[in-house]
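These protein sequence lines map, in sequence, to chains L and U. In terms of my numbering, the first sequence has 218 at position 218, counting the first letter as 1, and numbering is strictly consecutive. When you read off a place in the second sequence, starting at 1, and then add 881, the result is the number in my numbering. Written below as structure tokens is the structure these notes are about.
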Amino acid sequence: MIPWLFRRRRDAELDEEIRTHIRMAIEDRVAHGEDRTEAKRAVRREFGSVGEVKEVTRRIWGGLWFDGLTQDVVFATRQFRRSPGFAAVAVTTIAVSIGLTTSVFSLVNALLFSPLPGVEDPARLVAMYADEGRGPGTASYMDYKDFVDQAAAFSELAAFKTRDVDISTNSGTVRLRGAMVSDNYFRTLGVGPAAGRFFTPEEDQVPGAEAVVVLSHGLWQSNFGGRVDAIGESLTLNRSAFTIVGVTPEKFRGTNLIDAPEIFVPMAMQPRMMPSSGLLLDRRGWGGIDVLGRLAEGATVDQAAAEVELISARLREAYPATNGTRTYELGTFRDATMPVGIRSGILGFGWILIVLVMLVLFIACVNVANLLLTRAHARQREVAVRQSLGATKGRLFRQLLTETALLAVAGGATGVLLAFWANRLLGAIPLPLEARFVMDRNVLGFGGAATLLTGLAFGLAPAIIAAKREVASGLRDIVTGRRHKKRVSASEALVVLQVALSVAVLAAAGLFGRTLLNLRMLDPGFDSSGVLTAHLDPSLQGYGGDRVKLFYQNTLAAVAAVPGVRGVALSSRLPGPDADGTSIRIAGHVPAEGERLSMQFSTVSYDYFETLGIPVRRGRRFGGDDIEGGSPVVVLNETGARFIQDLTGSEALEAGISVQGPGGPFMEVVGVVADVRSGPPRQEPRPHMYWSFEQVPGGQGFANMALVVLGSGEPANLAGAVRSAVTDVDATVPLMSVRSLDAVLGEGVAQERLAATVLAVAAGLALLLASLGLYGVLTQAVARRTSEIGIRIALGAARGSVLRSVLLRALALTAVGLVVGLGVAMLAGRALAALLFGVSAQDATTLFGVVAVLLGVAVLASWVPAHRATRIDPVTALRVE
Amino acid sequence: MHKRQKPLERIELLQGTLDLIILQTLRWGPCHGYGIAQRISSTSKDVFRANTGSLYPALQRLARKRWVKATWVVSDKGQRVREYQLTAAGRTQLAVERSRWERLSEAMALILAPPGGSEA
């Protein structure tokens, strides 16, 4: 503001000075006897244009920055309106690549910078863990209460526990993720209700007393249509009525990126949320609580940690029986939102994606730079004329930079809008995460920064080159028709760079595509085709003991009777997600000091192996004798059998395995079945044992069983009939996640699918940009060589040889780019290696394919300019000069 | 006339020359823009007509280089005018410019003077 005021004063002074000058000149003439009117006219003529004198003088001042800017922008806009094609291509190129980059960044951002939307000031939040010598774990509620009473370093200390919950409505029962939270949970996180209110301290006082519930925004919308009068209505959770008191804001997704609760109830409702466990809140030994704290005003993490340690020691002394080995410690809130392993995996993956799409952004910059160079070439007459009319180099430079800045801003703004749209498309790919492609301040800032850098990257060089040209040489070149060879090779070098970068992006896309394919083609060890899966859990509906088993037996019979069902079985888990291990003892094997044997396990019904087509290698499947009270048996997978054999030195069949302490009974290995891929698709099979469903006593172990149904047709077609069969057994038990087994397996490769999708788009874009670049440079080259080609044709050169010479030029440029690009791709491959599966980062087939695609595209891109060259009419060509 | 002269004035030599002329003019004492223009044309017997489009930018340029100082004063005719005055740095610069000009004109004279004094 100050320089501007300053300038106005100087302006006024100059004005006064000039007026005085004119007045004095007139007075002089009049004094010499001239007529006043005549004198005025003469002086005006002599003085010239007042405006121009002022303008020229002002330029000496400098600091016309703002004035010049407006002028530049107006001028640039006019320029673009005159060549809309150029502007459209440039803006689109920038927009698409910025859009893609920003969209991918938004995922990384969701994980890295703003892990939990809707949580206020997460930097002041900490997590508190109990460690009993096995690493940080969940806390005891009784201990938590003591911390609330004693700790001063926290303004709030909140407890919560996520838990599945059954919601029953007229249309049936569904299972949702729920959370029990202390009354100050939302206050701790700084979250306010979207409707109604959150919990009062009184509601979190007496266990089981206040049946109130807060809904997630999503559930409120889907089940209550977002009605405000839903507040106060009743909702049946786990067979008891709860009163709806509030709704969380739309942005709030809980405090964990893996699952977002749909239902919140006070911590005191624990007995109803966990009906089979009874009241646990009053047991100091029960440690199942997550604790989050907000640091008090002025308190540091170190102070809080010291205080936690102090109180932890006090508790150890007061309750040696339960707290003897228990230490409390603080962790960061961010680590609490996602297991560290998952986080780093996804982050590494996200960064690689970012780098690759940045390459595309860079290719786009190169393209626009090339367009600008071409334009600078075409505009040299304009530039030369403006220079000769007195425009300084700096002024011209600024003018050109304004033009590119305008392109960048237009492209960037469109790009960010595109990113909004792209996020919706990418968001449709199910990730094993709550993190979503969200646009926030970080993402918008990233888009802005990318735009700025883009503008500089593609705008600076052409502007310097164009403005640097000398007036005289510029005019001379126009007159003589001479062109500068140097600049042409600059564009050619840019094209080589583009091809090289495209090779890298294309190779990455190819490798991820093949990884995805390999993972999907991977033999899982069972036949997933035609198999429908669903989960069942009657435990929240009051089932226990033998009733559970009866329920499952009835369900098996009911589903088996559905027309089109060829087989049905139960398993305590589906192949796919990692299972828990249990420690085991093997008959005849004395474990070495500190040796701990463990094996994964699942409980399956008779027909499980048959339904999924898992072949029996040795021994037998479960049979009608493997029931409760019969001789205990177990079936191993091949890896498990090898594991036993390696330990004992003898065949696993007939070996004894015990999951109980010393002295407990052994189970006999009666069969060995083929390995089934479990856990993430890349993971090798692990030792696994199967127990017979009929033999395991009923009880808690049967919460949440998976139902696998083999049908003769499309699995989805069975869903309705299976659902009604289960409803006939007990309408209150929810049938959850009804999907084909193929879909379940597909979720395991969601990350690869995302990578392959993003990279396919990126690679397509890179190819398109590189071919556009090649096309532009060749068209330019042909235009420049018009007279030369004309002469050659006039001298009898065959059209074919002309065509060949242009094509060869294109292929030469492409070849150089390919060589450089392949080198880059090989090096970059190392960074990708960890994310690939079944394909080497230097996979020859992929790289060969990339080369072939690029060569093909190069020929296509150069075909039009090459043909144009052959059609040059020598007479016209020579007349041009 | 103004327009025709413009490209020539952009030539380095002439620009420097105008600076020299202005500095030389101001050696006789402070003067305002119009006065400088008048002095230049009268001293050069109207060979040079200081063009206002070059004069004012030149004055601003000299002021920026701190070779002249501009002050607002009231003239004897009661008019508020901006007077330019040579500074110490300006005097030094004038000496530099003068010696350069003298060397230049000597060299020009040598080149233009026919050898041996005979022309044909």
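From the three backbone atoms N, C-alpha and C, an ideal C-beta is built for every residue, glycine too. What you are looking at is a predicted structure, and each value in this text was computed from that prediction instead of being measured.
Checklist entry - For chain U, is any of its Cβ atoms less than 7 Å away from the one on residue 48 of chain L? => result Under the Cβ distance rule, residue 48 of chain L counts among the residues neighbouring chain U, one pair being separated by less than 7 Å.
Item to check | Three-state secondary structure assigned by DSSP to residue 400 of chain L | outcome: If DSSP states are grouped into helix, strand and coil, residue 400 of chain L belongs with the helices.
Next on the checklist: For residue 598 of chain L, which residues in the same chain have their Cβ closer than 8 Å to its Cβ, ignoring the five residues on either side in sequence?
Outcome noted: The residues are 581, 582, 583 and 584.
Next on the checklist: Rounded to whole angstroms, what is the Cα-Cα separation between residue 522 of chain L and residue 611 of chain L?
Outcome noted: Approximately 19 Å, taken between the alpha carbons.
Item to check | First and last residue of the uninterrupted beta strand (DSSP E) at residue 132 of chain L | outcome: Where residue 132 of chain L is concerned, there is no enclosing beta strand (DSSP E), given that its DSSP letter is neither H nor E.
Checklist entry - Which residues in the same chain have their Cβ closer than 8 Å to the Cβ of residue 124 of chain L, if we skip the five residues on either side of it in sequence? => result Hits under 8 Å: 294 and 295.
Item to check | Per-residue contacts from residue 56 of chain L into chain U (C-beta, under 9 Å) | outcome: Result: 934, 935, 937 and 938.
Checklist entry - If contact means a Cβ-Cβ distance below 9 Å, which residues of the stretch 905-917 of chain U contact chain L? => result Those residues of the stretch 905-917 of chain U placed with their C-beta closer than 9 Å to a C-beta in chain L are 913, 914, 915 and 916, ordered along the chain.
Next on the checklist: Distance cutoff 7 Å, beta carbons only. Does residue 38 of chain L sit that close to anything in chain U?
Outcome noted: No, its Cβ sits nowhere closer than 7 Å to a Cβ of chain U.
Checklist entry - Along chain U, which residues have their Cβ under 7 Å away from the Cβ of residue 52 of chain L? => result Those within 7 Å of residue 52 of chain L in chain U are 934.
Checklist entry - Taking 7 Å as the CB-CB limit, is residue 20 of chain L close to chain U? => result Yes - at least one Cβ of chain U is within 7 Å of the one on residue 20 of chain L.
Checklist entry - Any idea if residue 170 of chain L is buried or exposed, counting beta-carbon neighbours within 10 angstroms, 16 or more meaning buried? => result Answer is exposed; the Cβ neighbour count stays below 16.
Checklist entry - When you compare only the Cα positions, how much space is there between residue 563 of chain L and residue 587 of chain L? => result Cα to Cα, the separation comes out at about 46 Å.
Next on the checklist: Would residue 403 of chain L and residue 88 of chain L be called neighbours here (beta carbons separated by less than 7 Å)?
Outcome noted: No, these two residues do not count as a Cβ contact at 7 Å.
Next on the checklist: Contact defined as beta carbons within less than 8 Å: I believe residue 142 of chain L pairs with residue 308 of chain L. What is the distance between those atoms, to the nearest angstrom?
Outcome noted: Residue 142 of chain L to residue 308 of chain L, Cβ: 16 Å. No contact.
Checklist entry - Does the stretch 808-815 of chain L come within contact of the stretch 790-799 of chain L, defined as at least 3 CB pairs closer than 8 Å? => result No: the two stretches stay apart, fewer than three of their Cβ pairs being nearer than 8 Å.
Next on the checklist: Using a 10 Å radius around the Cβ and a threshold of 16 neighbouring Cβ atoms, would you call residue 483 of chain L buried or exposed?
Outcome noted: Caution is warranted here: a pLDDT of 48 is assigned to residue 483 of chain L, below 50, making its placement in the model unreliable, and no coordinate value can be reported.
Next on the checklist: Extract the residue ranges of the beta strand (DSSP E) inside the stretch 6-32 of chain L, only unbroken runs of 3 or more that lie entirely within it.
Outcome noted: Listed in chain order, there is nothing to give.
Checklist entry - Is the beta carbon of residue 254 of chain L sitting closer than 7 Å to the one on residue 196 of chain L? => result In this structure, residue 196 of chain L does not lie closer than 7 Å to residue 254 of chain L by Cβ.
Item to check | Beta-carbon neighbours of residue 17 of chain L, restricted to chain U and to distances below 7 Å | outcome: Listed by position along chain U, the residues whose Cβ is nearer than 7 Å to that of residue 17 of chain L are 914 and 963.
Next on the checklist: Quick check on residue 243 of chain L: buried or exposed, where buried means 16 or more other Cβ atoms within 10 Å of its Cβ?
Outcome noted: With fewer than 16 Cβ atoms within 10 Å of its Cβ, residue 243 of chain L is classed as exposed.
Item to check | Cβ-based neighbour list, residue 561 of chain L, same chain, cut-off 8 Å, excluding 5 preceding and 5 following | outcome: Hits under 8 Å: 725.
Item to check | Inter-residue spacing [alpha-carbon to alpha-carbon] between residue 136 of chain L and residue 191 of chain L | outcome: C-alpha separation (whole angstroms): 27 Å.
Checklist entry - Which runs of the beta strand (DSSP E) fall wholly inside the stretch 937-985 of chain U and span at least 3 residues, in chain order? => result As far as the stretch 937-985 of chain U is concerned, its whole beta strand (DSSP E) runs of at least 3 residues are 949-955 and 961-967.
Checklist entry - Using a Cβ-Cβ cut-off of 6 Å (strictly less than) and excluding sequence neighbours within five positions of residue 966 of chain U, which residues of its own chain qualify? => result 911 and 950, listed in sequence order.
Next on the checklist: To test your reading of the DSSP string, which unbroken alpha helix (DSSP H) runs of 4 or more residues are found completely within the stretch 710-788 of chain L?
Outcome noted: Correct list: 715-729, 741-747 and 750-784.
Item to check | According to DSSP, residues forming a beta bridge with residue 291 of chain L | outcome: When DSSP reads this structure, residue 291 of chain L sits in a beta bridge with L:128 and L:159.
Item to check | residue 599 of chain L - DSSP class collapsed to helix/strand/coil | outcome: Secondary structure of residue 599 of chain L (DSSP, three-state): strand.
Next on the checklist: Please identify the residue among L:541, L:601 and L:722 whose C-alpha is closest to the C-alpha of residue 240 of chain L.
Outcome noted: The shortest Cα separation from residue 240 of chain L among L:541, L:601 and L:722 belongs to L:541.
Next on the checklist: Let me confirm a value: residue 848 of chain L is counted as buried when at least 16 other C-beta atoms fall within 10 Å, else exposed. Which label applies?
Outcome noted: Its Cβ having fewer than 16 others within 10 Å, residue 848 of chain L is exposed.
Checklist entry - From which residue to which residue does the alpha helix (DSSP H) around residue 44 of chain L run? => result Segment 36-47, the alpha helix (DSSP H) holding residue 44 of chain L.
Item to check | Euclidean distance between Cα positions of residue 984 of chain U and residue 940 of chain U | outcome: The alpha-carbon atoms of residue 984 of chain U and residue 940 of chain U are separated by roughly 25 Å.
Checklist entry - Are the stretch 588-597 of chain L and the stretch 493-513 of chain L in contact at 8 Å, needing three or more beta carbon pairs? => result With the cut-off at 8 Å, the stretch 588-597 of chain L and the stretch 493-513 of chain L do not touch.
Checklist entry - Straight-line CA distance for residue 605 of chain L to residue 569 of chain L? => result Rounded to whole angstroms, residue 605 of chain L and residue 569 of chain L show a C-alpha spacing of 6 Å.
Next on the checklist: At the level of alpha carbons, what is the spacing between residue 982 of chain U and residue 952 of chain U?
Outcome noted: When rounded, the distance between both Cα atoms is 29 Å.
Checklist entry - On the premise that residue 643 of chain L lies in contact with residue 687 of chain L, defined as a C-beta separation below 8 Å, what is that separation, rounded to the nearest angstrom? => result A Cβ-Cβ separation of about 4 Å places residue 687 of chain L in contact with residue 643 of chain L under the 8 Å criterion.
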